[in-house]
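Asks: In mature numbering (1 follows the signal peptide of the UniProt record, and there is no 0), the protein residues as written are -29 to -1, 1 to 129.
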Amino acid sequence: MISGTIRRRATAALVGAAVLALLTGCDLFAPQDTKDIEETSDGVSGTVGQVFVGNAVLLTLESGTPTNLVASLVNNGDKTENVDISTSAGKESVSLEPSQVVQIGSSDSGGGQTVQFEDLGAKPGSLANVTFDTGTETLTLRVPVLDGALEQYKDLAP
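#1: Alpha carbon to alpha carbon, how far is L98 from V114? Give it in angstroms, no decimals.
#2: Quick one: grab the DSSP three-state call for E122.
#3: Taking C-alpha atoms, which residue in A(-12), P129 and L67 lies nearest to G20?
#4: Looking only at DSSP bridge pairs, what is T36 linked to?
#5: Please report the residue range of the beta strand (DSSP E) in which A27 lies.
#6: Can you tell which of V28, A(-20), K94 and F103 has the C-alpha that lies nearest to the C-alpha of residue 134?
#7: Answer with buried or exposed for L121, where buried requires no fewer than 16 other C-beta atoms within 10 angstroms of its C-beta.
Now the structure itself:
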């Protein structure tokens, strides 16, 4: 009777260990998807120095009309950063305090700022070069040009 109880407990322990190994073993061989972040938005992102540029898009109604830049700038550093944003149609500047987030494209939202370019000449559906310069580093992004047809951008188009 003692040997039967010991066998059942040993069998249960072995089955439990096998199940545990099978459930956790795939973590050893499967790649971790959190290491490779994919863009899940309409815009493009990048980092210049200590400043993260998130979801940058250009909005215009048609070629030859003003073009609004919509993006989020995040200062991840511990000092104030001045970012010059330039296209073939001109240059604008944005100042960010340490840990500050600036929403470009809407001056209505708290901390927002409007960055607009006249005569960029980019048509909706094209890509335009936008350069972000912190004085120590430069980043040029190929930013998609959209119109106000998408609901989330309707109020942000010029």
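Glycine included, every Cβ here is placed at the ideal spot set by N, Cα and C.
Replies: So, from the data block:
#1: Residue mapping note: residue 114 aligns to position 143 of the sequence shown, counting from 1. Residue mapping note: residue 98 aligns to position 127 of the sequence shown, counting from 1. Note on geometry: alpha-carbon atoms of V114 and L98 lie some 5 Å from one another.
#2: Your numbering for residue 122 matches position 151 in the sequence shown. Helix, per DSSP.
#3: As a first step, residue 20 must be located in the sequence shown, where it is residue number 49. Of A(-12), P129 and L67, the residue nearest in Cα terms is L67.
#4: Taking the first residue of the sequence shown as position 1, residue 36 is located at position 65. Within the DSSP secondary-structure output, T36 pairs in no beta bridge.
#5: By one-based count along the sequence shown, residue 27 stands at place 56. Counting along the chain, the beta strand (DSSP E) containing A27 begins and ends at V22 to L30.
#6: Residue coverage of the chain in this structure runs from -29 to 129, which leaves residue 134 outside it and unanswerable.
#7: Numbered from 1 along the sequence shown, position 150 holds the residue referred to as residue 121. Exposed.
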